[in-house]
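These notes concern the structure reproduced below.
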Amino acid sequence: MTKQIDQADVAHIAKLARLSLSDQELREYEDTLSRILEVIEVMNSGDLSAYPPMDHPLETVNLLRDDAVQQGLDREVVLGMAPSSEEDYFRVPRILGAP
Amino acid sequence: MNDEILDWGIAELHRRLEAREVSTVEVIDAYQEQIEIQEPEIGAFLTLDLDAARSTATAQDTRRSRGETLGRMAGVPVALKDNLCTTAFPTTAASRILEGWIPPYNATVVDRLADQDGIVLGKTNLDEFAMGSSTENSAYKITKNPYDLERVPGGSSGGSAAAVASRMALVGLGSDTGGSIRQPAALTGIVGFKPTYGRVSRYGLLAFASSLDQIGPLTASVEDAALVAECIMGHDPRDATSLQEASPLLLGALTEGVRGIRVGIVTNLVEIASPSIQAALLRAADALAQAGALISEISIDELAFGLAAYYVVAPAEASSNLARYDGVRYGLREPGATVEEMMIATRTKGFGPEVKRRIMLGTYALSAGYYDAFYVTAQRVRSLVRSAFDRAYESVDLLLTPTSPTTAFRIGERSADPVEMYRSDICTIPSNLSGDPALSVPAGADPDGLPIGVQLLGPPRSEQLLFRGAYAVEEGLR
Amino acid sequence: MTQRATAGPAKGWEYVIGLEVHTELKTRSKLFCGCPNAFGEEPNTSICPVCLGLPGSLPVMNAQAVDFAIRVGLALNATVQRSQFHRKNYFYPDMPKDYQISQYDVPINANGYLELPSGRVIGIERAHLEEDTGKLVHRGGHGRIESAAYSLIDYNRSGVPLLEIVSAPDIRDPEEAKEYVTELRAILVAVGASDGRMEEGSLRVDANVSVRPIGEATFRTRVEIKNLNSLRSLVRALTFEGHRQVQLYENGEAMIQQTRFWDEERSLTGALRLKEEANDYRYFPEPDLPPVAPDVELIEERRTELPELPSARRGSIAMILPELSADLRETIIADACWPYFRSAVDAGITPARAAARCANELTALLPDIGVLAPERFVEVLAIEDRGDLGASQVKILLREAASDPTPVKELVTKLGFTARDEDAMKAMVEEVVIRFPDEWGRYLGGDEKVAGFLLGQVMRQHGRQISGAGARQALLALADEARSGAE
Ligand SMILES: [Mg+2]
Ligand SMILES: [Zn+2]
Chain C
162 MTKQIDQADV
172 AHIAKLARLS
182 LSDQELREYE
192 DTLSRILEVI
202 EVMNSGDLSA
212 YPPMDHPLET
222 VNLLRDDAVQ
232 QGLDREVVLG
242 MAPSSEEDYF
252 RVPRILGAP
Chain V
144 MNDEILDWGI
154 AELHRRLEAR
164 EVSTVEVIDA
174 YQEQIEIQEP
184 EIGAFLTLDL
194 DAARSTATAQ
204 DTRRSRGETL
214 GRMAGVPVAL
224 KDNLCTTAFP
234 TTAASRILEG
244 WIPPYNATVV
254 DRLADQDGIV
264 LGKTNLDEFA
274 MGSSTENSAY
284 KITKNPYDLE
294 RVPGGSSGGS
304 AAAVASRMAL
314 VGLGSDTGGS
324 IRQPAALTGI
334 VGFKPTYGRV
344 SRYGLLAFAS
354 SLDQIGPLTA
364 SVEDAALVAE
374 CIMGHDPRDA
384 TSLQEASPLL
394 LGALTEGVRG
404 IRVGIVTNLV
414 EIASPSIQAA
424 LLRAADALAQ
434 AGALISEISI
444 DELAFGLAAY
454 YVVAPAEASS
464 NLARYDGVRY
474 GLREPGATVE
484 EMMIATRTKG
494 FGPEVKRRIM
504 LGTYALSAGY
514 YDAFYVTAQR
524 VRSLVRSAFD
534 RAYESVDLLL
544 TPTSPTTAFR
554 IGERSADPVE
564 MYRSDICTIP
574 SNLSGDPALS
584 VPAGADPDGL
594 PIGVQLLGPP
604 RSEQLLFRGA
614 YAVEEGLR
Chain Z
1252 MTQRATAGPA
1262 KGWEYVIGLE
1272 VHTELKTRSK
1282 LFCGCPNAFG
1292 EEPNTSICPV
1302 CLGLPGSLPV
1312 MNAQAVDFAI
1322 RVGLALNATV
1332 QRSQFHRKNY
1342 FYPDMPKDYQ
1352 ISQYDVPINA
1362 NGYLELPSGR
1372 VIGIERAHLE
1382 EDTGKLVHRG
1392 GHGRIESAAY
1402 SLIDYNRSGV
1412 PLLEIVSAPD
1422 IRDPEEAKEY
1432 VTELRAILVA
1442 VGASDGRMEE
1452 GSLRVDANVS
1462 VRPIGEATFR
1472 TRVEIKNLNS
1482 LRSLVRALTF
1492 EGHRQVQLYE
1502 NGEAMIQQTR
1512 FWDEERSLTG
1522 ALRLKEEAND
1532 YRYFPEPDLP
1542 PVAPDVELIE
1552 ERRTELPELP
1562 SARRGSIAMI
1572 LPELSADLRE
1582 TIIADACWPY
1592 FRSAVDAGIT
1602 PARAAARCAN
1612 ELTALLPDIG
1622 VLAPERFVEV
1632 LAIEDRGDLG
1642 ASQVKILLRE
1652 AASDPTPVKE
1662 LVTKLGFTAR
1672 DEDAMKAMVE
1682 EVVIRFPDEW
1692 GRYLGGDEKV
1702 AGFLLGQVMR
1712 QHGRQISGAG
1722 ARQALLALAD
1732 EARSGAE
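Residue numbers (the numbering used here), protein chains in the order written: chain C, 162 to 260; chain V, 144 to 621; chain Z, 1252 to 1738.
Below is the structure:
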């Protein structure tokens, strides 16, 4: 199936991942990701249809907890970690672009 | 005296402490002296707090003098990989994005060690977010191999491995996603153990790849590894993927021997290793045979697919696990006019190149149109690896492989080529994909004096047998 | 499927509507952690490492949330199945992990349906568990997201358990959408899964709406309207949007698939000005949570425990009181009334009387009285059914029975409600009439307003011993006698 990744792909993924890449990084990632994908390509050399996807090494189900309230964190502690806060809230820049 | 203290394993240390031949404070002093000499050369730690360690030691001495019975880790100096949450130390995963972050809670393993009176000296260096095999990807420093300061200690738990190997700590904790405990243990000549997936709670471990990550010990001896493992294993209600059954007793099983145990040498993994490693592996096999094990050869060709699958699954999970580092709630924030610009600026500045590479790879593998070709296929390979192991364990009880195809490589030697670096993990990755327990035990050195490790693999939940095998190798090669 | 006259957005057009209803489940703690699932707490006080998505924290599933999900699934006639959690990946500041743990291709409940009071059946595609996000408060620009200077975040709501119930596109007009939400809410409340409070956000509706010429079989481009948080908004937004879409088609303009918001003040829907980015949620199985696989016994146990649901209640009423008006019927089948009606009918009380007492006295009483056990309600009605007490006495007795735990029989005596004795009553009224001759004269002269005064005096004199209706009866009788005597 060899899917060679191109710079447009790299740019698109960077956007999805909230990263910004310089032109040089774009080129570098295009190269290394392509090479990694070649390694990954090995997977497709055999017929795997007999093997169902294994999401997880554990086969357990239903590990549930009782619906009981437990002590959480103090607001002072939590907001103390925040890069920016105001009143009793975390603060972030505006969500949508300038009107 | 100090040198002698550093030689003691946990059992010996406890005998001396009980006999009042040494005080806990003297133990900490001995390690402090060693750290003062070694740490400037090695660079294993990101943070150290020896004053706190000494006051814990003082308190333990007082308790002991009152006749109290102390825990199983009493007086044991511990180094924690800096991806384990600690309220007493910053926890950074060696990333700029978490610089200075002090978690408001302890990882379950940290609490369990503290419950047993382990004494934490500090937090150790790692590849950023545990992504790497050399500890060169740390945002803060490069850790050196104690056997050759020009070489890497392996990774990603390279800091913990180097600390134990250079006797700056008696016990290290690391995390293993694709070999990150075993490979550095091999490269620094110590024991490294990755338990069956779910044996040790992951609560408080900064997630890299959740379905692969396991925490485990790095120690100088198999016996010490067994004791530490017993202290940290066991169900944790805060981790829904932790096994609910009682965990196996390891310490008592060590001397049960390996008579009649069938051990298969995995030939296709031996073939890719350097000649001196091949020779060391045969010596280890000999030691097992001497102890009564039945040695055979087996080729498990499917394991070759593991590397490919790993480099889909691990980055895919990582791309999601590392999304939360967005500058909103904790850690680094870079300015931006909108939330999106702020997030992009923060992540771009905060993550190093290897972390970005894996986030990119994982995002790609999960993205629309590629999910089936990459992620689903990789999960099929996991099934394939699982069934290949199952088939092997029909004819043998344990498998023997090199831990790493090479001994410690030079700093910078592979950092330019990620694919080459990824290949370092080819022998260790399959057990993470399958969730099986695995252990690396020292097996001599190459002609340059660089340590060699061999790896024992067993089926899920076979820790007892694995430790018996490892103990036999250790005894046989002594 | 029952036919129903629907109101299209314009002549020759019909609506195609599917609703996604998010309901907060009434658990004590959150979905994956022990923080309280509470409304109205101080900002950022019900949070812990898990619901704040701190590095290293892990989710553990709340058993009660699973239980509620199963009950709702069964009530919606869905298949309850082994389900897997997935991560839905996208960056948003109210979501602490920048992914939402939700269910994707294998939801816990699939393929159900809901029958509306009209008899129409609406398909339920799925009802799956997921976590809620934190809450954003926008500062500056009148608090609107699109014009705000910056935003604040409260993570108390983060991780609150949600059940997302997705209907098939079977709804055909805005009123039917309202009927659907009302019915769904009644079911959620009946099974105990939700308190159904839309005003507190415990029920939130997103609507997918398109229009098409009547007779066209395929679906046209749809628009998603987010956050319709009252029934009024739902109806108005759908109506507006239907007209807007017909207009676009009739003007030959392009319809684009988009997400819109409803502006209640300006009464219009508008496109959300989110940056252009194709949604690519990169779903994959949540590695931190084992699958939830409710065992067959548990499901069957929950099935037998299901309360009688609104549709079944309607069915019973149709059998017992076929002539009852739809309004009265809906009042009676409501959770507040139904246990009383059911017990009364089961005890052999005349159904029409049971219905009347439920719909009138009981609904009036319930908001301010304490707890009235259905058995006590039935006892009171049985006395009335036997003809032992008058209607006003019954009302008093009901109120007393709710606040005074004395057995009903003793309560009757305590209140002095002896059997109705017309002569005794007449004597009481006569006493008053004699004491107020002027008023009596005016009453006899046709001044009806004085009746109230006279009856009031009777009540003051004898208090609760008498029924108001009985006294009025006696007054009328006395007046008749007086008038006929005068002639
Ligand atoms: Mg949803
Ligand atoms: Zn919480």
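From the three backbone atoms N, C-alpha and C, an ideal C-beta is built for every residue, glycine too.
- Distance from the Cα of K224(V) is smallest, within the candidate group S323(V), V295(V), L620(V) and L330(V), for S323(V).
- Within the DSSP bridge table, the entry for N288(V) names D291(V) as partners.
- Taking a C-beta distance under 7 Å as the contact criterion, L1613(Z) and Y1591(Z) qualify as a contact pair.
- For secondary structure counted as the beta strand (DSSP E) over 3 or more consecutive residues, the stretch 535-615 of chain V holds these complete runs in sequence order: 541-545, 581-588 and 594-600.
- Counting the other CB atoms within 10 Å of its CB gives Q1354(Z) a total of 16 or more, which places it among the buried residues.
- The beta-bridge partner set that DSSP reports for I1422(Z) consists of I1268(Z).
- With respect to the 7 Å criterion, T167(V) and A200(V) are classified as neighbours on the basis of their beta carbons.
- H1379(Z) is bridged by DSSP to E1415(Z).
- Distances from the alpha-carbon of A282(V) to those of T235(V), L316(V), F532(V) and Y453(V) put T235(V) closest.
- DSSP places R252(C) in the uninterrupted beta strand (DSSP E) bounded by Y250 to P254.
- Summarising the contact set, residues whose Cβ lies nearer than 6 Å to any heavy atom of ligand 1 are, in chain order, S1353(Z), E1381(Z) and E1415(Z).
- By alpha-carbon distance to P1656(Z), the top candidate from G1599(Z), A1624(Z), K1677(Z) and V1683(Z) is A1624(Z).
- Here P1688(Z) is exposed, its C-beta having fewer than 16 other C-beta atoms within 10 Å.
- The straight-line gap separating the alpha-carbon atoms of A389(V) and P1545(Z) is approximately 24 Å.
- Here the stretch 254-265 of chain V lies against the stretch 373-386 of chain V, with 3 or more beta-carbon pairs under 8 Å apart.
- Only residues of its own chain outside the window of five on either side were considered, and among them L269, D270, A273, G275 and S323 have a CB closer than 6 Å to the CB of S299(V), listed in chain order.
- Nearest C-alpha to G474(V) among I415(V), R239(V) and D260(V): R239(V).
- DSSP places V170(V) in the uninterrupted alpha helix (DSSP H) bounded by T167 to I185.
- Rounded to the nearest whole angstrom, the C-alpha separation of E1690(Z) and D1674(Z) is 22 Å.
- Exclusion of the five residues before and after D1421(Z) leaves I1373 and G1374 as the residues of its chain whose Cβ lies within less than 6 Å of its Cβ.
- Y1350(Z) carries a strand assignment under DSSP once its states are collapsed to helix, strand and coil.
- Residue environment for M1570(Z): exposed (fewer than 16 other C-beta atoms within 10 angstroms of its C-beta).
- For S1280(Z) and Y248(V), the gap between their C-alpha atoms comes out near 20 Å.
- Under DSSP, Q1498(Z) shares a beta bridge with no residue.
- Per the coordinates, the alpha-carbon of I1685(Z) lies some 46 Å from the alpha-carbon of S1576(Z).
- In the three-state DSSP reduction, Q421(V) falls in the helix class (H, G or I).
- For P1558(Z), there is no enclosing beta strand (DSSP E), as DSSP gives it neither H nor E.
- Taking a cut-off of 8 Å for Cβ pairs, the stretch 420-439 of chain V and the stretch 459-473 of chain V do not touch, as fewer than three such pairs fall below it.
- Between S181(C) and chain V, the shortest Cβ-Cβ separation is below 7 Å.
- In this structure, the CA atom of E366(V) is about 9 Å from the CA atom of F610(V).
- Put simply, of Q175(V), R206(V), D150(V) and P183(V) the residue whose alpha carbon is nearest the alpha carbon of D192(V) is Q175(V).
- Where E1475(Z) is concerned, the enclosing beta strand (DSSP E) starts and stops at V1474 to L1479.
- Any heavy atom of ligand 2 counts here; residues with a Cβ closer than 5 Å to one of them, in chain order, are C1284(Z), C1286(Z), C1299(Z), V1301(Z) and C1302(Z).
- The beta carbon of D1421(Z) does not come within 7 Å of any beta carbon belonging to chain V, so the residue lies off that interface.
- When the five nearest sequence neighbours on each side are left out, the beta carbons in the same chain lying within less than 7 Å of the beta carbon of A369(V) are those of L393, L394, L397 and F610, in order along the chain.
- Counting C-beta pairs closer than 8 Å gives three or more between the stretch 1263-1278 of chain Z and the stretch 1400-1419 of chain Z, which meets the contact rule.
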